[in-house]
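In the UniProt record's numbering, the protein residues as written are 1 to 247.
Positions of the beta carbon are idealized from the N, C-alpha and C atoms, including for glycine.
Working notes, structure below.
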């Protein structure tokens, strides 16, 4: 691994580990009253389901969600008991995690992306990939857990994307496609969840794999004569031009 890339990815890995380790999450859970000593379903499991593993908390059946939870964490629950865990304390916990990430400004130095049309593109992409608007007739607390979970996921995904995009621009003069990057990072969510549970060293390995994937397959393809935000701002970078095919 390139030492410079390794150092910068390591800093990002430490940030993610600091904010999302099971110890930190459990502390937040205690603060808001989301602690159940007799249950294996704790703060880390709620985050796993609502953020890392599933984006169907508001639309999938409870049986399916229980299956996803067991497959990813080993925690086995009945659907009736599982539904009861979507309660005000669970909502307060996810809200506090989201607020904490915003307050700490995780990787928030993204001044290049203040352009309105660029942000609109990102929101359309987020809506497509995170299915944040899809739900059925369910209890309010379950819906709120879904919404906060997806907001946390969007924040983590966009922070990772901006970080990787900055690395690629600085190290290889390559512009990263937001659309390609978001679905690649989303595919890595289960791996990131597992790595955070192990530790920073493992998380660094996964982030480096993701960096190499984005470097190889995430480059933005330009439509002929169409300017991007980097063109408008006068930033020099490598580009792949996609010419229109003639009939």
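Chain B contact for residue i (CB, 8 Å cutoff)
i          : result
residue 98 : In the structure shown, chain B cannot be found, because there is only a single protein chain.
Where residue i falls: helix, strand or coil (DSSP)
i           : result
residue 117 : With a pLDDT of 42 at residue 117, under the threshold of 50, the predicted position of this residue should be treated as unreliable, and no value is reported.
residue 111 : Residue placement at residue 111 is flagged as unreliable, the pLDDT there being 42, under the threshold of 50; a coordinate-derived value is accordingly withheld.
residue 76  : coil
residue 12  : helix
residue 18  : helix
residue 163 : helix
residue 68  : helix
residue 35  : coil
residue 60  : coil
residue 158 : helix
residue 5   : helix
residue 237 : Residue placement at residue 237 is flagged as unreliable, the pLDDT there being 46, under the threshold of 50; the coordinate-derived value follows with that caveat. Reduced to three states, the DSSP call for residue 237 is coil.
residue 55  : coil
residue 244 : Here the model assigns residue 244 a pLDDT of 42, short of 50, so the residue's position is not dependable, and the following value carries that caveat. In this structure, residue 244 counts as coil in the three-state DSSP scheme.
residue 148 : helix
Best match in the options for proximity to residue i [C-alpha to C-alpha]
i           : options               : result
residue 49  : 35, 32 and 150        : 150
residue 74  : 46, 96 and 56         : 46
residue 52  : 214, 194, 212 and 221 : 194
residue 42  : 24, 58 and 57         : 24
residue 217 : 141, 102, 165 and 28  : 165
residue 93  : 152, 68, 60 and 64    : 152
residue 249 : 101, 85 and 200       : The structure shown has nothing for residue 249, since the chain only spans 1 to 247.
residue 210 : 87, 189, 199 and 198  : 189
residue 96  : 140, 64, 72 and 34    : 34
residue 88  : 185, 11, 139 and 26   : 139
residue 219 : 172, 71, 203 and 31   : 172
Where the alpha helix (DSSP H) through residue i begins and ends
i           : result
residue 87  : Premise fails: residue 87 is in no alpha helix (DSSP H) and is neither H nor E.
residue 215 : 200–217
residue 22  : 22–32
residue 47  : 43–47
Residues bridged to residue i (per DSSP)
i           : result
residue 176 : 219
query: Do three or more CB pairs link the segment 73–84 to the segment 2–16 at distances below 8 Å?
result: Touching, no.
Inter-stretch contact (C-beta, 8 Å, three-pair minimum) for the segment 62–76 and the segment 144–163: Judged by Cβ distances under 8 Å, the segment 62–76 makes no contact with the segment 144–163, as fewer than three pairs qualify.
query: Hey, is the segment 169–185 in contact with the segment 140–147, meaning 3+ C-beta pairs nearer than 8 Å?
result: No contact exists between the segment 169–185 and the segment 140–147.
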